[in-house]
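As structure tokens, the structure follows; a few thoughts come after it.
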Amino acid sequence: MANLSQERREKMLAFLETLKEQHSDDESLIALGEIERELKAKKYGLVWEEHEEEVDVKMRTHIPVFVADDSKEILTDSITENYNFLLEGDNLHSLRLLEKTHRGNIDVIYIDPPYNTGNKDFVYGDTYIDGIDGFRHSKWLSFMAERLRIAHKLLSPTGAIFISIDDNEQATLKLLCDEIFGEVNFAGNIIIKSNPRGSQSKKEIASLHEYVLVYTKNSEQAKIIGHELSEEMQSEYKYSDERGKYRLLGLRQRGGFWRASERPNLFYPYYVDPVSESLSLDEDDNHSIAVYPYQPSTGEKGTWRWSKEKFATDGKSLIAKKVKRNGEIIWDIYQKDYIGSEDVSRRTKAKSMWDEKEMNYQNAANELKDIFGTSPFTYAKPVYLIKRCLEMIDIPHDGFILDFFAGSGTTGQAVLEHNKKDGGHRKFILCTNNENGICENVTYQRLKTVITGKRADGSEYSEGIPSNLMYFRTDFVDKESDELSDELLAHIREMIQLEHGIKIDDRKYVVILTEEEMDEFEENIADYPDLKAVFINSDIFLSAKQQKMLNDVDSYVIPDYYFDFELREAGEIW
Numbered sequence: 002m003a004n005l006s007q008e009r010r011e012k013m014l015a016f017l018e019t020l021k022e023q024h025s026d027d028e029s030l031i032a033l034g035e036i037e038r039e040l041k042a043k044k045y046g047l048v049w050e051e052h053e054e055e056v057d058v059k060m061r062t063h064i065p066v067f068v069a070d071d072s073k074e075i076l077t078d079s080i081t082e083n084y085n086f087l088l089e090g091d092n093l094h095s096l097r098l099l100e101k102t103h104r105g106n107i108d109v110i111y112i113d114p115p116y117n118t119g120n121k122d123f124v125y126g127d128t129y130i131d132g133i134d135g136f137r138h139s140k141w142l143s144f145m146a147e148r149l150r151i152a153h154k155l156l157s158p159t160g161a162i163f164i165s166i167d168d169n170e171q172a173t174l175k176l177l178c179d180e181i182f183g184e185v186n187f188a189g190n191i192i193i194k195s196n197p198r199g200s201q202s203k204k205e206i207a208s209l210h211e212y213v214l215v216y217t218k219n220s221e222q223a224k225i226i227g228h229e230l231s232e233e234m235q236s237e238y239k240y241s242d243e244r245g246k247y248r249l250l251g252l253r254q255r256g257g258f259w260r261a262s263e264r265p266n267l268f269y270p271y272y273v274d275p276v277s278e279s280l281s282l283d284e285d286d287n288h289s290i291a292v293y294p295y296q297p298s299t300g301e302k303g304t305w306r307w308s309k310e311k312f313a314t315d316g317k318s319l320i321a322k323k324v325k326r327n328g329e330i331i332w333d334i335y336q337k338d339y340i341g342s343e344d345v346s347r348r349t350k351a352k353s354m355w356d357e358k359e360m361n362y363q364n365a366a367n368e369l370k371d372i373f374g375t376s377p378f379t380y381a382k383p384v385y386l387i388k389r390c391l392e393m394i395d396i397p398h399d400g401f402i403l404d405f406f407a408g409s410g411t412t413g414q415a416v417l418e419h420n421k422k423d424g425g426h427r428k429f430i431l432c433t434n435n436e437n438g439i440c441e442n443v444t445y446q447r448l449k450t451v452i453t454g455k456r457a458d459g460s461e462y463s464e465g466i467p468s469n470l471m472y473f474r475t476d477f478v479d480k481e482s483d484e485l486s487d488e489l490l491a492h493i494r495e496m497i498q499l500e501h502g503i504k505i506d507d508r509k510y511v512v513i514l515t516e517e518e519m520d521e522f523e524e525n526i527a528d529y530p531d532l533k534a535v536f537i538n539s540d541i542f543l544s545a546k547q548q549k550m551l552n553d554v555d556s557y558v559i560p561d562y563y564f565d566f567e568l569r570e571a572g573e574i575w
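The sequence shown: position 442 = 443 (the numbering used here), numbered continuously.
The structure is reproduced here in structure tokens:
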């Protein structure tokens with residue numbers, strides 16, 4: 002069948018060639034070349050009118066930096082010395098810098114972006130976008146695409162991203178993520194029963210749910226391990242032997258490809274000894290009762306889930322049992338499905354619908370009221386939701402979790418509680434703006450309350466979860482500044498601290514920017530008995546003596562790319 006769109010494109014491209022012959026000046030050829038590229042651009046997938054943000058324009062002439070607010074530092078865990086980070090400012094600004102410090106090192110990203118409902122819930126270019134804006138979907142997609150492309154670079158090879166969304170942009174977000182993360186890395190679209198009573202925002206149907214889209218960086222390497230068994234699930238494991246608790250699973254295949262005609266090699270008999278109840282693949286004087294995988298209701302030939310070869314290696318996990326079926330007593334074959342060992346607990350595959358009562362978003366409002374006395378955030382997510390996301394990924398105990406739409410700071414609290422549960426030292430990085438004082442008065446104060454156990458008024462909230470936090474603000478340095486190098490060097494400490502999750506205290510962790518500082522450090526090395534790491538400017542030439550001095554301590558060269566926002570990769574311009 003004819004591809005009419007292709008035929009039309011070919012006609013237009015042929016006409017462009019005619020125009021090129023008629024208009025050979027540079028200006029015309031450049032314009033015609035642009036038209037040609039647009040015509041040849043991909044024609045399948047998500048297409049939208051791309052828009053540019055003010056922060057993008059700013060970064061043409063300015064370099065983004067972080068500025069530490071030491072007055073907001075929290076230190077309650079002096080044992081691990083790990084630091085979490087709260088980054089105040091435009092999240093695109095923060096993501097540009099995180100791409101320098103954490104590329105390929107983030108284990109989990111959770112975000113709750115604006116849903117673009119048309120009710121001025123979404124700001125683009127310092128302007129609220131409403132339902133009458135003809136480009137509101139294109140602006141939202143431009144906004145999200147730029148951030149998600151960086152998020153993809155930040156994820157580790159085993160990492161995953163969770164994105165909360167509702168029906169306003171779910172369909173377009175799915176297509177956008179298919180393009181950025183790859184369809185093959187789509188793990189699922191989880192339905193969240195967020196409002197059991199139903200939202201009344203639409204006159205036709207009361208919505209009870211939202212979604213969480215889940216993508217992995219690489220589906221082959223992702224560590225999605227599911228969830229721990231609930232008490233109800235654990236109660237199914239009511240048998241036990243020397244290997245531990247187990248439940249019985251019928252060995253007959255009950256799902257797809259259950260018919261013998263589809264898998265004839267899996268239709269065969271087990272022979273049961275009615276006295277010892279042992280099994281054999283061969284009939285003998287003792288094993289005299291043949292058991293086939295017939296479908297009980299229809300009598301059709303079915304299949305076993307195991308092959309004969311698997312029985313040869315794992316046959317001790319199978320047992321024969323008498324059961325009553327269709328009014329008669331017969332033998333059937335079951336597998337002992339063990340709950341796991343003390344070291345490795347059994348888990349269940351994550352489901353595509355989460356409808357536990359804890360998913361009700363009213364819980365989020367109650368959580369904030371418990372901290373602030375009121376709910377300062379209208380659409381926060383409950384801690385339980387994000388903890389469920391974190392628990393289904395095998396995150397290293399010292400891994401990184403990022404949320405660049407941090408809002409009220411739910412992700413930070415979820416990480417802290419997850420660490421408390423299993424003794425982990427995972428670190429969170431939260432990014433949010435400070436519109437209406439959100440970052441300072443809500444996000445920061447919530448984290449401080451959860452960490453210290455004290456509310457802002459000094460009253461008791463909890464026993465606290467010992468942890469450390471640094472607070473950075475975003476800023477810019479003019480590329481045309483006469484003191485550009487010095488101004489950038491003034492922000493090196495923030496980048497080092499962010500990348501390594503430490504505090505540069507000039508005692509355990511030291512930064513050396515000049516050869517004079519290096520000489521002074523060498524002269525006074527005895528004054529650093531607790532020295533753990535030294536970060537050295539790449540311009541410094543170390544003497545043989547200085548190199549030997551640093552043999553027993555971790556030393557790092559400060560990378561030049563921290564503030565290099567020129568051409569990084571082929572076709573990639575910041």
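From the three backbone atoms N, C-alpha and C, an ideal C-beta is built for every residue, glycine too.
Can you find the residues in the same chain that come closer than 7 Å, C-beta to C-beta, to residue i, ignoring five residues on each side of it along the sequence?
i, result
"lysine 578", "An answer regarding residue 578 cannot be provided, because it is not within the stretch 2 to 575 covered by the chain."
"serine 281", "Tyr272 and His288"
"threonine 102", "Met496, Leu499 and Glu500"
"asparagine 219", "Pro158 and Asn186"
Could you check what DSSP says for residue i in three-state terms: helix, strand or coil?
i, result
"valine 386", "Note that residue 386 corresponds to leucine in the displayed sequence, not to valine. Helix."
"arginine 97", "helix"
"serine 308", "coil"
"alanine 69", "strand"
"methionine 393", "coil"
"alanine 161", "strand"
"leucine 47", "coil"
"glycine 245", "strand"
"threonine 379", "coil"
"lysine 358", "helix"
"asparagine 435", "coil"
"aspartate 507", "coil"
"proline 341", "First, the residue type needs correcting, since residue 341 is glycine and not proline in the sequence shown. Three-state result, glycine 341: strand."
"aspartate 283", "coil"
"asparagine 525", "coil"
"lysine 549", "helix"
"lysine 140", "helix"
"isoleucine 181", "helix"
"glutamate 573", "Only weak support is given to the placement of glutamate 573: the predicted model assigns it a pLDDT of 43, under 50, and the value that follows is read from those uncertain coordinates. If DSSP states are grouped into helix, strand and coil, glutamate 573 belongs with the strands."
"lysine 12", "helix"
Check for me: the beta strand (DSSP E) holding residue i runs from which residue to which?
i, result
"alanine 534", "534-538"
On the DSSP bridge list, what partners appear for residue i?
i, result
"asparagine 190", "Leu214"
"glutamine 336", "Leu250 and Leu319"
"isoleucine 290", "Val273"
"arginine 474", "Val68 and Glu89"
"histidine 398", "Histidine 398 is not bridged to any residue."
"glutamate 595", "With the chain running from 2 to 575 in the structure shown, residue 595 is simply not present."
"tryptophan 259", "Note: tryptophan 259 sits in no beta bridge, so no partner."
"aspartate 479", "His63"
"serine 556", "Val535"
"phenylalanine 429", "Ile402"
"arginine 326", "Glu329"
"asparagine 120", "Asp131"
"isoleucine 110", "Ile162 and Leu403"
At what residues does the alpha helix (DSSP H) containing residue i begin and finish?
i, result
"leucine 403", "Premise fails: leucine 403 lies in the beta strand (DSSP E), 401-404, not in any alpha helix (DSSP H)."
"threonine 77", "That residue, threonine 77, is in no alpha helix (DSSP H); it is neither H nor E in DSSP."
"asparagine 367", "363-373"
"valine 451", "445-453"
"valine 416", "411-423"
"isoleucine 31", "27-41"
"isoleucine 497", "493-501"
"aspartate 487", "485-490"
Near residue i, what residues of its chain come up, given a Cβ to Cβ distance below 8 Å and the 5 sequence neighbours on each side ignored?
i, result
"aspartate 57", "Leu93 and Glu147"
"tyrosine 335", "Leu249, Leu250, Gly251, Leu252, Leu319, Ile320, Ala321 and Lys322"
When the cut-off is 8 Å and only beta carbons count, does residue i lie next to chain D?
i, result
"aspartate 333", "Note that chain D does not occur in the displayed structure, where there is just one protein chain."
Could you pull out every residue in the same chain whose Cβ sits closer than 6 Å to the Cβ of residue i, ignoring the five residues on either side in sequence?
i, result
"asparagine 420", "Arg427"
"isoleucine 151", "Leu96 and Glu100"
"glutamate 11", "none"
"glycine 502", "Asn83, Tyr84 and Lys428"
Mind checking whether the beta-carbon of residue i lies closer than 7 Å to any heavy atom of the ligand NAD?
i, result
"valine 512", "In the structure shown, the ligand NAD is absent, as is every other ligand, since no ligand is present at all."
* Asked: Is there contact between the region 409-416 and the region 234-241, where contact requires at least three CB pairs shorter than 8 Å?
  -> Taking one beta carbon from each stretch, the region 409-416 and the region 234-241 have fewer than 3 pairs nearer than 8 Å; the two do not touch.
* **contact_flag[the region 178-189, the region 128-144] where n(CB pairs < 8 Å) is 3 or more** => Contact between the region 178-189 and the region 128-144 is absent, because fewer than three Cβ pairs lie under 8 Å.
* Segment contact, 8 Å Cβ cut-off, at least three pairs: the region 382-391 with the region 352-364 -> They touch, by the three-pair rule.
* Report yes or no: do three or more beta-carbon pairs, one from the region 224-231 and one from the region 241-258, lie closer than 8 Å? => The region 224-231 is not in contact with the region 241-258.
* Asked: Taking contact to mean at least 3 C-beta pairs separated by less than 8 Å, is the region 475-484 in contact with the region 439-455?
  -> No, they do not touch.
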